[in-house]
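Visitor:
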Amino acid sequence: MKDVLKQYLWIFSITAGLLTVALLLMPDEKNRLEFIEEELKKVETKQKILTEKEKELEKLATEKDWAEVDKDSNK
8 MKDVLKQYLW
18 IFSITAGLLT
28 VALLLMPDEK
38 NRLEFIEEEL
48 KKVETKQKIL
58 TEKEKELEKL
68 ATEKDWAEVD
78 KDSNK
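Here it is in structure tokens:
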């Protein structure tokens, strides 16, 4: 009986520890929004830096990727 109780105590302790660590490491709402805003700014600056030829090549690559996806999904 004691062995079973010890096993349950270990399982409970490890689960509680993992939950505590997960809750402490989980970002709050503000951090997630800041991260998304930073990523949007990076993309915007990348788009501003691209030359017309680079923009055209990126557009062609994207269209080719979507064409491949459409081709695969129609099979």
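So the mapping is simple: the numbering used here equals the position in the sequence shown, first residue as 1, plus 7.
Heads up, the beta-carbon is just placed ideally off N, CA and C, and yes, glycines get one too.
#1: Under 7 Å: does the beta carbon of LEU57 sit that close to some heavy atom of the ligand ZN?
#2: Suppose you measure from the CA of MET33 to the CA of GLU51; what does that come to, to the nearest Å?
#3: Less than 8 Å between the beta carbons of GLU45 and LEU57, yes or no?
Guide: Working from what's here:
#1: Ligands are entirely absent from the displayed structure, and the ligand ZN is therefore not among its contents.
#2: 28 Å
#3: no
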